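Numbering (this note's numbering), first residue to last: 12 to 166.
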């Protein structure tokens, strides 16, 4: 009987000691996701341009991250990056943003929109997938952008 009690206690301890992991492809659940995002250029300026990300989103909490922004004339507009959730888990993404240039002073500024594709990550986001519709503004004179996102993530 004493051995049974010890095994029971050890199984409880082991249950708490196992790190959080993805639920696996077969057990993932699709969840709504919303958030606010901010991006600031990281010098030196180039193509692609590195951007530092921050914001707050459902399932992530306050997050940070980075993104490479590819731009014409060398590339078409394209982003690829990583978002780091409050607990350190990561989400990988890519997108082809649509920039609506409304002025030049001397660099472009205006609106941005598009779909962000989520394609994997680490920790609980391993093998995750999803997409977010984004809408916001950018200003290449101030070297920043901000947008809101609404969509889903499956993890």
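Every residue, glycine too, gets a C-beta built ideally from N, C-alpha and C. All figures in this text were calculated on a predicted structure; none of them were measured in a lab.
What residue range does the beta strand (DSSP E) around residue i cover?
i: residue 45; result: 41 to 52
i: residue 60; result: 60 to 68
i: residue 151; result: That residue, residue 151, is in no beta strand (DSSP E); it is neither H nor E in DSSP.
i: residue 134; result: No beta strand (DSSP E) contains residue 134, which DSSP labels as neither H nor E.
i: residue 100; result: Neither: residue 100 is in no beta strand (DSSP E) and is coded neither H nor E.
i: residue 74; result: 72 to 81
i: residue 114; result: 109 to 115
Once you ignore the five residues that flank residue i on each side, which residues in its own chain have a CB closer than 8 Å to its CB?
i: residue 69; result: 42, 43, 44, 45 and 46
i: residue 111; result: 121, 122, 123 and 124
i: residue 67; result: 46, 47, 73 and 74
i: residue 79; result: 59, 60, 61, 62, 90, 91 and 92
Please list, in chain order, all residues of the same chain as residue i whose beta carbon is under 7 Å from its beta carbon, the five residues on each side excluded.
i: residue 132; result: 100, 101, 102, 103 and 139
i: residue 95; result: 74, 75, 76 and 101
i: residue 85; result: 58
i: residue 149; result: 110, 120, 121, 123 and 156
i: residue 51; result: 62, 63, 154 and 155
i: residue 53; result: 61, 62 and 63
Measuring alpha carbon to alpha carbon, tell me which of the options ends up nearest residue i.
i: residue 74; options: 60, 97 and 92; result: 97
i: residue 121; options: 56, 160 and 146; result: 146
i: residue 142; options: 163, 136 and 135; result: 163
Tell me whether the beta-carbon of residue i lies closer than 8 Å to the beta-carbon of residue j.
i: residue 49; j: residue 157; result: yes
i: residue 130; j: residue 152; result: no
i: residue 107; j: residue 88; result: yes
i: residue 166; j: residue 60; result: no
Sorted by chain position, which residues of the same chain lie with C-beta nearer than 6 Å to residue i's C-beta, five sequence neighbours on each side aside?
i: residue 65; result: 49 and 75
i: residue 105; result: 91 and 128
i: residue 161; result: 45 and 144
i: residue 71; result: 96
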